[in-house]
Structures are given as structure tokens and as C-alpha cells.
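Working notes, beginning with the structure itself.
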Amino acid sequence: MMLHAQPTARRLLSTAVPYDLIVIGGGSGGLSCSKRAADLGAKVALIDAVEPSPHGTTWGIGGTCANVGCIPKKLMHQAALVGKELKYAETYGWNGLDGSKINHDWNTLSKTVNDRVKGNNWVYKVQLRDKGIKYYNAFAEFLENGQILVTGVDKKKTQTLLTAPHILIATGLRPKYPDVPGAKLGISSDDLFTLPSPPGKTLVVGAGYVALECAGFLRGLGHDVEVLIRSRPLKEFDTDCVNLVMEHLKSTGIRIKEGQEVKKVEETTEKKKKVTFTVTGDSEEYDTVIWAAGRVPRMESMKLERIGVKRNERSGKIEADGEDKTNVEGVYALGDIVEGRPELTPLAIQSGTLLANRLFSNSTQTVRFHGIATTVFTPLELSTVGMTEEEAKKKYGEDGIEVFHSHFTPFEYIVPQIKDSQFCYVKAICLRKDEGQKVVGLHFVGPNAAEVMQGYAVAFRVGISIHDLQLTVAIHPCSSEEFVKLQVTKRSGKDPRVQGCCG
């Protein structure tokens with residue numbers, strides 16, 4: 005990695021502050037790696053700063069998940085679920101909660117959520133201090149000799165030169181804005197959680213986790229929501245499950261505009277956003293437009309080309325191997341910024357911890373990137389681990405798999421007779437000709453999906469069969485027991501709807 009130094013770098017060479025590990029990016033992966041390395045005795049520097057969104061939104065240490073992703077998203081999702089429970093409270097004897105009288109205050113929720121986020125920022129700083137990690141609230145730039153020039157976000161833009169034999173890049177991704185006129189009139193999830201006023205009538209553009217989750221909780225909070233989907237929603241998930249999730253979204257009042265794209269966005273005299281669509285040429289006005297159609301790297305200011313770090317030509321992400329090594333010796337990358345990696349916070353956390361172990365404690369343990377469970381926090385949640393039915397058919401053939409499935413009614417839906425039960429579903433995909441019929445995929449659509457799937461993900465990792473599930477004594481009554489009650493296969497053609505609470 006030691007190349008010819010530029011004149012400025014030569015002048016600064018003797019003043020470079022030495023570390024054992026420099027981490028660029030204070031998100032989940034960067035934090036976990038830096039903290040574990042410090043625990044193992046390494047001298048660590050962590051560099052983190054946030055480029056403001058086009059609307060000027062910025063935040064503290066912790067990365068996307070803690071500030072503008074998983075944490076605020078889950079809190080707002082929960083707020084929407086609380087509103088739903090209030091509407092059914094009278095069926096359980098709670099008085100004075102007539103659904104027609106319930107209303108939501110956006111500013112109260114926004115303050116509650118962002119107070120929690122700021123609390124997390126403070127905790128991270130304390131952890132870094134207690135572990136002796138030097139935190140630079142700054143931007144990093146590589147010099148030709150592999151050293152790093154750090155420029156602070158303070159008014160003086162204080163500069164410091166750092167050097168280390170090990171450098172980790174874990175800067176994550178940022179929302180992608182479309183190349184259409186007026187795109188900057190829309191916001192992204194970076195801005196949504198700190199909006200100073202309710203979003204009102206909202207168009208959400210996208211078909212992935214972020215789009216459908218945001219649409220779901222906004223509708224749950226009482227807003228008029230429309231989702232624009234260019235192609236198949238949640239395309240990496242099981243089709244049967246996705247169809248149920250989408251039908252449920254529609255049942256909540258969310259409108260789905262399919263096969264369309266935005267042609268342009270204009271601001272009206274009433275400060276509304278007039279959106280014109282490509283296929284029909286029709287236009288409609290919204291109070292808020294949210295871009296949620298993908299995330300991209302933002303690494304230009306790091307000048308990675310100076311040291312020759314290889315990036316994928318199409319995505320712009322960094323190429324790294326199973327040990328998180330880039331093509332440049334001593335430079336590593338992990339998390340969402342790496343080409344081909346699932347964009348999941350827990351994966352980045354584990355990757356960071358295991359990388360530190362390999363660097364500073366002679367470990368050889370690496371992350372297993374297949375069989376990772378994940379959940380979409382739509383109003384009716386979708387959780388999964390392993391293969392989809394489509395993937396299993398492609399790999400093993402239609403005759404090579406057996407699909408066990410069931411439609412069920414969650415116990416908490418019974419008294420208020422919530423119609424959402426028609427969308428609740430479990431599926432286990434197994435190898436048909438394998439002794440014991442090994443499970444290669446598990447899928448769940450229903451309430452508390454993440455809580456249901458976490459335990460099954462552990463079992464899936466060590467390997468289970470459909471017989472292991474069926475011989476497990478159920479916890480009753482709960483939604484999770486539907487996996488161990490599975491008996492009906494698709495091949496049989498029998499009705500997969502559960503009959504009776506003890507069926």
C-alpha cells in the first residue's frame with residue numbers, strides 16, 4: 005500500500021498520528037469493529053461524519069440504523085400498531101377509546117423518536133471514550149501513500165494526518181435520488197423522521213423494505229398514502245408471502261400505483277408537490293414525496309482511487325472477499341458498502357466483531373453469509389430465513405422439494421375479529437427426497453414476525469427437518485406454534501387453513 009507520496013503527504017509524514025486500526029464510518033459495523041479491537045488491546049481511531057441530505061438533514065454517530073433507519077423506523081411502526089390496538093380496546097372492556105375520537109400528534113412522536121436517537125448517540129460516544137478509542141468527528145481522505153487526512157466538521161476544519169497498518173472502510177449507503185426534474189423537492193428516509201410537520205398526503209416511490217415500511221407506518225398514523233412501484237415489490241422474498249403483504253397493505257387503505265415512474269416533480273403555489281407520471285402522463289398533487297428506490301455509496305471525498313481500491317463498476321460498492329479484505333493490502337471493507345453483501349445491520353455488527361478478532365486475536369472465524377434471517381416491518385410483518393420457494397425450485401426442481409404451509413388466525417385477532425387474519429401465513433420449504441426432509445426455507449407473515457423467526461433462525465443455522473418441527477411440542481396459544489403444527493403440503497391440494505384454536 006506504500007506508494008509514491010505527494011509533496012503534501014511528505015511534509016506531513018513525520019506528524020502522522022500512528023494507530024493499530026483506523027475505522028472510517030461510525031455505523032454498526034464500524035462501531036463493533038473498533039470496540040472489539042480496543043478490547044483486544046489495539047490503539048484505535050474512528051472517523052465519522054455525515055454529509056447533509058439535500059434538505060440539510062444530518063445526525064450524530066451511530067450510522068443509518070441508529071439515526072435514520074432501523075431504530076426510528078421500528079419506533080414509528082410500533083406507534084402505528086399502538087393506534088390499531090386502541091381502536092379495538094373496547095372489545096376487551098376498555099371504555100372511552102372510541103376509534104372515531106382517536107387522533108395522532110406527529111410532533112409528539114417525532115420528539116419521542118428523536119430523543120431516543122440522541123440518547124443512542126450519547127451512549128456510543130461514552131462507549132468509545134471508555135474504551136480509549138479516539139473519535140474524530142470528521143471526513144477522511146486517502147493520500148497516495150496510504151495515510152489518511154482527517155478534516156474536522158468544526159468551523160476551523162481542523163486537519164490531522166493518521167496512519168495505521170489496518171484500515172477499515174464501513175461508511176454504509178445513502179438514499180438514491182432519481183434523475184428527474186424536481187427530484188430535490190422530494191425527501192428520503194434520511195429526512196422523514198425529523199419532519200417538522202406531519203407529512204400529510206404522501207407518495208412513496210419504491211418497492212423494497214424502506215418504501216413499504218414507511219408507507220405502512222404513515223398509513224397507520226392516519227396519513228393518505230400511495231406507493232409507486234415500477235416492478236415486483238420485495239423481489240428477493242417469497243412470492244406467496246409478498247402477495248399477502250401487498251394485499252394487506254391495500255386493505256389498510258394504501259393505494260398502489262404499479263408499472264409507473266415519475267417523470268417530473270413541480271412545486272405548486274400551495275407548496276404541494278405536483279408529480280407527473282411517465283406512462284399515463286397524468287399528474288397528482290401530494291404534500292410529501294419520499295424517494296425510497298434504492299441506496300448507493302457516497303465515497304467520492306475519500307479518494308479511494310489514490311490507493312487503488314477496486315469498486316464494482318455498476319454499483320460503485322467496494323469489492324471484498326470473505327475475510328473483508330479489499331485488493332489493497334491492509335485495507336478492509338464491510339457492511340452495506342461491500343458488493344454482494346446483504347444490507348443488514350446485524351450482519352455488519354457480526355462482520356465488524358469477527359474482523360477485529362482476526363486482526364488482533366489470531367482468529368480465523370468468518371461470517372456465514374447464507375441463511376441469514378430478516379424481517380420487513382410492514383403493518384403485517386414478513387420474516388424469513390433460507391430459500392424462497394422460487395429459489396428452491398430453481399436449485400432442486402419442483403419434484404425435489406416439499407412445501408408445507410398454513411393460513412392461521414393469530415390469537416390476538418380472535419376477540420376483535422380483525423380481518424387481517426386472512427393474510428397470516430406460514431411456510432416451510434423442505435427437501436422432498438432427503439431423509440427427514442431437511443428444511444431449506446422458513447417464511448412467516450403475521451404479527452411479531454421478527455420475534456417468531458429469531459429462534460427458528462438459530463435452529464435453521466444448525467440444520468433442522470420438517471420432522472424436527474413436527475415433533476416439537478408447541479407453546480400454546482401463540483403464532484409461533486404454527487411452524488410446529490405444519491402438516492398440509494401444497495402437493496396434497498388440501499385446504500391449508502387452520503381449523504379451530506387447537507387444530
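To get this note's numbering, take the position in the sequence shown, counting from 1, and add 4.
Each residue gets a CB set at the ideal place from its N, CA and C atoms; glycine is no exception.
query: Taking all protein chains shown into account, do 16 or more other C-beta atoms lie within 10 angstroms of the C-beta of V86, making it buried, or fewer, making it exposed?
result: Numbered from its first residue, the sequence shown carries residue 86 at position 82. The residue is exposed, with fewer than 16 neighbouring Cβ atoms inside 10 Å.
query: With burial defined as no fewer than 16 other Cβ atoms inside 10 Å of the residue's Cβ, what is the status of W295: buried or exposed?
result: As a first step, residue 295 must be located in the sequence shown, where it is residue number 291. Answer is buried; the Cβ neighbour count reaches 16.
Per-residue burial, K437 [other beta carbons within 10 Å of its own, 16 or more giving buried]: As a position in the sequence shown, residue 437 is number 433, starting the count at 1. By the neighbour-count rule (16 or more Cβ atoms within 10 Å), K437 is not buried but exposed.
Whole-angstrom C-beta distance between H81 and F221, which should lie under 8 Å: For this step, residue 221 is matched to residue 217 along the sequence shown. For this step, residue 81 is matched to residue 77 along the sequence shown. Right, their Cβ atoms sit about 5 Å apart.
Residue from S193, P182 and H411 whose Cα sits closest to the Cα of T493: On the sequence shown, residue 493 is found 489 positions in, with the first residue counted as 1. Selected option, being the one with the closest Cα: H411.
message: Between P237 and A219, how many whole angstroms is the CB-CB distance? I'm expecting something under 8 Å.
response: For this step, residue 237 is matched to residue 233 along the sequence shown. For this step, residue 219 is matched to residue 215 along the sequence shown. That belief does not hold up - the Cβ atoms of P237 and A219 are roughly 10 Å apart, past 8 Å.
field: Limits of the unbroken alpha helix (DSSP H) element including W3
entry: Residue 3 lies beyond the range of the chain shown here (5 to 507); nothing can be said about it.
query: Based on the DSSP output, what are the partners of H1 in its beta bridges?
result: Nothing can be reported for residue 1: it is not among the residues displayed for the chain, which extend from 5 to 507.
- prompt: Considering only the beta carbon of each residue, do I171 and I353 sit closer than 7 Å?
  reply: For the purposes of this step, residue 171 is taken as the residue at position 167 of the sequence shown. For the purposes of this step, residue 353 is taken as the residue at position 349 of the sequence shown. Not in contact: I171 and I353 (Cβ atoms no closer than 7 Å).
message: Need the endpoints of the alpha helix (DSSP H) that C434 sits in, please.
response: Walking along the sequence shown from the start, residue 434 turns up at place 430. Segment Y429 to L435 is the beta strand (DSSP E) holding C434; no alpha helix (DSSP H) there.
Spatial neighbours of E508 in its chain, beta-carbon cut-off 6 Å, leaving aside the 5 residues before and after: Since the first residue of the chain shown is 5 and the last is 507, residue 508 is not available in this structure.
field: Minimum C-alpha distance to K397 - residue among P414, V430, A187 and V444
entry: As a first step, residue 397 must be located in the sequence shown, where it is residue number 393. Closest by C-alpha distance to K397, out of P414, V430, A187 and V444, is V444.
task: Thinking E289 and K277 are a contact (beta carbons under 8 Å), I'd like their distance in whole angstroms, please.
output: Taking the first residue of the sequence shown as 1, we reach residue 289 at position 285. Taking the first residue of the sequence shown as 1, we reach residue 277 at position 273. Yes, E289 and K277 are in contact; Cβ-Cβ is about 7 Å, under 8 Å.
field: Segment contact, 8 Å Cβ cut-off, at least three pairs: the segment 164-179 with the segment 330-343
entry: yes
- prompt: Tell me which same chain residues have a C-beta within less than 8 Å of the C-beta of L199, skipping the five on either side of it?
  reply: Position 195 of the sequence shown, counted from the first residue, corresponds to residue 199. W110, S114, I191 and T292, listed in sequence order.
- request: Could you say which of V208, T164 and Q458 lies nearest to V279 if we only look at CA atoms?
  value: Position 275 of the sequence shown, counting from 1, holds the residue named residue 279. For V279, the nearest C-alpha among the options comes from V208.
- prompt: Does the Cβ-Cβ distance between L386 and V449 come in under 7 Å?
  reply: Within the sequence shown, numbered from 1, the residue matching residue 386 stands at position 382. Within the sequence shown, numbered from 1, the residue matching residue 449 stands at position 445. Closer than 7 Å, so yes.
query: In three-state terms, what does DSSP make of Y139?
result: Locating residue 139 in the sequence shown gives position 135, counting from the first residue. Residue state, collapsed to three classes: strand.
field: Delimiting residues of the alpha helix (DSSP H) encompassing H409
entry: Along the sequence shown, read from residue 1 onward, the residue named residue 409 stands at position 405. That residue, H409, is in no alpha helix (DSSP H); its beta strand (DSSP E) goes I405 to H411.
task: Pull up the distance between the alpha-carbon of S469 and that of Y460, whole angstroms please.
output: As a first step, residue 469 is located in the sequence shown; it is residue number 465 there, counting from the start. As a first step, residue 460 is located in the sequence shown; it is residue number 456 there, counting from the start. Those two C-alpha atoms are separated by around 12 Å.
Distance, L165 Cα to S32 Cα: In the sequence shown, residue 32 corresponds to position 28, counting from 1. In the sequence shown, residue 165 corresponds to position 161, counting from 1. Straight-line Cα distance between these residues: approximately 25 Å.
- prompt: Just curious, the alpha helix (DSSP H) that Q458 is in, first and last residue?
  reply: Here residue 458 corresponds to residue number 454 of the sequence shown, with the count starting at 1. Segment A453 to V466, the alpha helix (DSSP H) holding Q458.
message: According to DSSP, simplified to helix, strand and coil, what is T379?
response: Along the sequence shown, read from residue 1 onward, the residue named residue 379 stands at position 375. Strand.
query: Per DSSP, what kind of secondary structure is Y181 in: helix, strand or coil?
result: Numbered from its first residue, the sequence shown carries residue 181 at position 177. Three-state DSSP puts Y181 in coil, outside helix and strand.
- request: With a 10 Å radius around its C-beta and 16 neighbouring C-beta atoms as the bar for buried, classify I479 as buried or exposed.
  value: On the sequence shown, position 475 is the one that residue 479 refers to. It is exposed - the Cβ of I479 has fewer than 16 other Cβ atoms within 10 Å.
query: Quick check: the segment 241-261 against the segment 310-318, are there 3 or more CB pairs under 8 Å?
result: no
query: Going by Cα to Cα distance, which pick from A360, H374 and G375 is closest to T368?
result: Here residue 368 is taken as the residue at index 364 of the sequence shown, counted from 1. Nearest to T368 by C-alpha distance, out of A360, H374 and G375, is A360.
message: If you measure between the beta carbons of H252 and L384, is that distance less than 7 Å?
response: Sequence index remark: in the sequence shown, residue 252 carries index 248 (1-based). Sequence index remark: in the sequence shown, residue 384 carries index 380 (1-based). In contact: H252 and L384 (Cβ atoms closer than 7 Å).
message: Here's a check: name, in chain order, each residue in its chain whose Cβ is nearer than 6 Å to the Cβ of E347, leaving out the five neighbours to either side.
response: By one-based count along the sequence shown, residue 347 stands at place 343. Shown here for E347: same chain residues with a beta carbon closer than 6 Å to its own, the five before and five after excluded, namely D340 in chain order.
query: Got a sec? Which residues, its chain only, sit under 6 Å from I137 by beta carbon, not counting five neighbours each side?
result: For the purposes of this step, residue 137 is taken as residue 133 along the sequence shown, with counting starting at 1. Result list for I137: S38, A42, V48 and L50, in chain order.
query: Say the cut is 6 Å; is the CB of E327 nearer than that to a heavy atom of the ligand NAP?
result: With respect to the ligand NAP, the structure shown offers nothing to examine, as it has no ligands at all.
field: Environment of Y429 [buried if 16+ CB atoms lie within 10 Å]
entry: Residue mapping note: residue 429 aligns to position 425 of the sequence shown, counting from 1. When all chains shown are included, Y429 counts as buried.
task: Just tell me which of P481, V466 and F487 has its CA closest to the CA of L475.
output: Position 471 of the sequence shown holds residue 475. The shortest Cα separation from L475 among P481, V466 and F487 belongs to F487.
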